[in-house]
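Structure, as C-alpha cells:
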Amino acid sequence: MRDRFGRQARHLRTREEERELAEARRTRRQDTRAPRDRAGDAEVGFEKMRRRERVLGRTSADRAPAPNTAQLAGTIVWLGRGRARVRCGEHERPAALAPDLARVQQTAVAVGDEVVLHERPDADPLVVSVSPRRSELARVDPDDPRRARVLAANVDVVVLVLAADRARTGLVDRLLAALAGSGAELAVCVNKQDLAHDQEALQRALAPHRDAGLAVVFASAVRGDGIDELRALLRGRAAAFVGHSGVGKSTLLNRLDPRNDRATGAVRDRDGRGRHTTSASSLTVLADGTRLIDTPGVRAFGLPEGRDDASAAFPDVHDLAQGCRFRDCAHRHEPGCAVRAAAEHGALDPARYRAFLRLGS
Ligand code: GDP
Ligand code: ZN
7 MRDRFGRQAR HLRTREEERE LAEARRTRRQ DTRAPRDRAG DAEVGFEKMR
57 RRERVLGRTS ADRAPAPNTA QLAGTIVWLG RGRARVRCGE HERPAALAPD
107 LARVQQTAVA VGDEVVLHER PDADPLVVSV SPRRSELARV DPDDPRRARV
157 LAANVDVVVL VLAADRARTG LVDRLLAALA GSGAELAVCV NKQDLAHDQE
207 ALQRALAPHR DAGLAVVFAS AVRGDGIDEL RALLRGRAAA FVGHSGVGKS
257 TLLNRLDPRN DRATGAVRDR DGRGRHTTSA SSLTVLADGT RLIDTPGVRA
307 FGLPEGRDDA SAAFPDVHDL AQGCRFRDCA HRHEPGCAVR AAAEHGALDP
357 ARYRAFLRLG S
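Counting along the sequence shown from 1, when you hit position 141 you're at 147 in our numbering, and nothing is skipped either side.
Below, the structure is given as C-alpha cells:
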C-alpha cells in the first residue's frame, strides 16, 4: 500500500514537470507551423485530450466513488479497440478505456501513455485519464489526412536501424526532421556489421551527424557486436526501433530482450510461417528499466511512403504480413493470416484493414 502511494507521489511530481515540458513544446511548435499544418491538427487532438482529462477527473469526483475505490497508476503496454493492457508496478492487467477516451482513442491514448485507472468490483479496471506526454510519435491518419494518429507516447529515444550492407544514410536526415518537436531524440544503429563491405563510406556519411552529437552504434545482431553498447545507450529509457523491413530490428530486440521471442526473417524463412504476436505486449520492460516499444506502425515511423505501392503505403500491414502462414497470402480468407487476425483482435484498425483490401482489389 505504502509502495503504491509512494509511486503515485512520484507520478504526480513528474506529471507537473511533463506539463511544463508539453507547454514549452506547444508554444515552440505554434511559432513555426501554419495553423492548418497536419501537426497543428495533432495539437488540436492533444488539446481535446487534455480538456477531456479534466472533465473525466471532475466527473469521477462528482460521482464520489466509495472511499475504498482504488485508483491505480500505470503504463499502457498494448492497445486494442476500447481495450488496453496496463502495466501497474510489476504486473500487467487488462483494462477497458472510458468511453470518452475510446472515442478519440487514436490521438488520446497510445502505447507508452501514463494513465490512471479506477478499480471496478466486477469488471476490469477502467482507464479514466491520460497524463500529459513528454513526447509523442505521430503520423497522418491514412483514412483522414487532416487528423493525426499517435503511434507511441513518451518515447525517449528512437533508434533508426540501418543495415551495413546497404545503409540508407539519407534516412537519418529524414528521421531528424520527423522527430523535430516530438520530444524524442534520435540514435542510429548500423546493424549487420558482419556484412559491411564499405566501412569507410559509411563512416564518412555518418561523420557529420556524429560530430553533431548523434549516437551511432555499430552492431551485428547475429554475432553480438555492439549489443552491450546499445544496451548502455538505452538503459532506463523508453526506446523505439524504426527502419526498413529486413534490417534486423526483431533480431536486435530479441538480443536485448531474450524473453520476448519475436519472429525474425530467419524464422520466417525456415518454416515459411511466423508467429503472430497480436496478444504480445507492444511495450516490454527489461530488468534494467529499459522500455522497448515495438509496434508495426512505430517500426515504419518516418520512412518514405509510396502512394502507389500497397506495402509502402501500409507498412504496418506489410510488417504484420511477415507473420502470415503463406508467403503469397492475400490477407482475405487464408488460414493463418496474421493481418486478418490483427484486425479481428483490434491490433490493426479494422477500417485500415478494409482500406488495405480495397487497394488490392
Ligand atoms: P526486421 O524486419 O527489421 O525485424 O529484420 P529481422 O530481425 O527479421 O532480420 C531480417 C534478416 O536479417 C533475418 O534473416 C536475420 O537473421 C538477418 N539479420 C539480422 N541481424 C543481422 C546481422 O547482424 N547480420 C546478418 N548477417 N544478418 C542479420
Ligand atoms: Zn495474411
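A virtual CB, placed ideally from N, CA and C, is assigned to each residue, including glycine. Note that the coordinates shown come from a computational prediction; the quantities given were computed from them, not determined experimentally.
Taking just the CA atoms, how far does residue j sit from residue i?
i       : j       : result
Arg-91  : Glu-98  : 6 Å
Gly-254 : Ala-104 : 37 Å
Gln-112 : Ser-188 : 17 Å
Cys-343 : Phe-332 : 8 Å
Ala-101 : Ser-288 : 15 Å
Asp-149 : His-339 : 23 Å
Asp-322 : Asp-355 : 10 Å
His-250 : Gly-308 : 10 Å
Asp-128 : Glu-350 : 25 Å
Asp-200 : Leu-177 : 21 Å
Cys-330 : Leu-363 : 16 Å
Ser-1   : Ala-207 : Outside the shown range of the chain, which is 7 to 367, sits residue 1, and nothing can be said about it.
Ala-169 : Val-110 : 37 Å
Leu-78  : Leu-123 : 5 Å
Ala-361 : Asp-217 : 43 Å
Gly-214 : Thr-175 : The question names Gly, yet the displayed sequence has Pro at residue 214. One C-alpha to the other measures close to 11 Å.
Asp-204 : Ala-173 : 10 Å
Gln-209 : Ser-226 : 16 Å
Arg-87  : Arg-261 : 31 Å
Tyr-359 : Pro-302 : 13 Å
Pro-341 : Ala-347 : 10 Å
Ala-202 : Ile-299 : 28 Å
Phe-320 : Ala-336 : 14 Å
Glu-96  : Ala-357 : 34 Å
Pro-310 : Gly-230 : 29 Å
Asp-130 : Val-167 : 38 Å
Leu-132 : His-324 : 33 Å
Ser-137 : Ala-244 : 16 Å
Val-228 : Ala-159 : 30 Å
Asp-147 : Arg-265 : 33 Å
Please confirm whether any heavy atom of the ligand ZN lies closer than 8 Å to the CB of residue i.
i       : result
His-337 : yes
Arg-346 : yes
Phe-332 : yes
Cys-343 : yes
Glu-350 : no
Glu-340 : yes
Ala-361 : no
With C-beta atoms as the reference, is residue i less than 9 Å away from residue j?
i       : j       : result
Arg-145 : Arg-155 : yes
Thr-296 : Arg-237 : yes
Ala-211 : Val-248 : no
Leu-239 : Val-163 : yes
Ala-76  : Glu-120 : no
Val-117 : Val-83  : yes
Asp-334 : Leu-292 : no
Gly-80  : Arg-89  : no
Asp-179 : Gly-242 : no
Gly-252 : Leu-85  : no
Ala-190 : Val-161 : yes
Asp-171 : Lys-198 : yes
Val-304 : Leu-326 : no
Leu-157 : Val-134 : no
Looking at the secondary structure, which residues open and close the alpha helix (DSSP H) in which residue i lies?
i       : result
Glu-235 : 233 to 240
Gly-86  : Here Gly-86 belongs to no alpha helix (DSSP H); instead the beta strand (DSSP E) covers 77 to 86.
Glu-350 : 344 to 351
Ala-213 : 205 to 217
Asp-322 : 321 to 327
Leu-262 : 255 to 262
Asp-179 : 176 to 185
Asp-150 : Element bounds for Asp-150: not the alpha helix (DSSP H) but the beta strand (DSSP E), 150 to 159.
Arg-338 : First-last for Arg-338: undefined, no H or E at that position.
Thr-290 : No alpha helix (DSSP H) holds Thr-290; the beta strand (DSSP E) holding it covers 289 to 291.
Could you check whether the Cβ of residue i sits closer than 8 Å to any heavy atom belonging to the ligand GDP?
i       : result
Asp-200 : yes
Gly-295 : no
His-250 : yes
Gly-303 : no
Ser-287 : no
Gly-189 : no
Ala-246 : no
Where do the ends of the beta strand (DSSP E) carrying residue i lie?
i       : result
Leu-132 : 129 to 136
Pro-100 : 97 to 103
For residue i, would you say it is in contact with chain C, using Cβ-to-Cβ distances shorter than 9 Å as the test?
i       : result
Val-222 : Absent from the structure: chain C. Only one protein chain is present.
Would the segment 178 to 197 and the segment 216 to 232 be scored as touching if the rule is three or more Cβ pairs under 8 Å? Yes, the segment 178 to 197 is in contact with the segment 216 to 232.
Taking one C-beta from the segment 136 to 145 and one from the segment 171 to 183 each time, how about it: are there three or more such pairs within less than 8 Å? Contact annotation: the segment 136 to 145 does not touch the segment 171 to 183, with fewer than three C-beta pairs closer than 8 Å.
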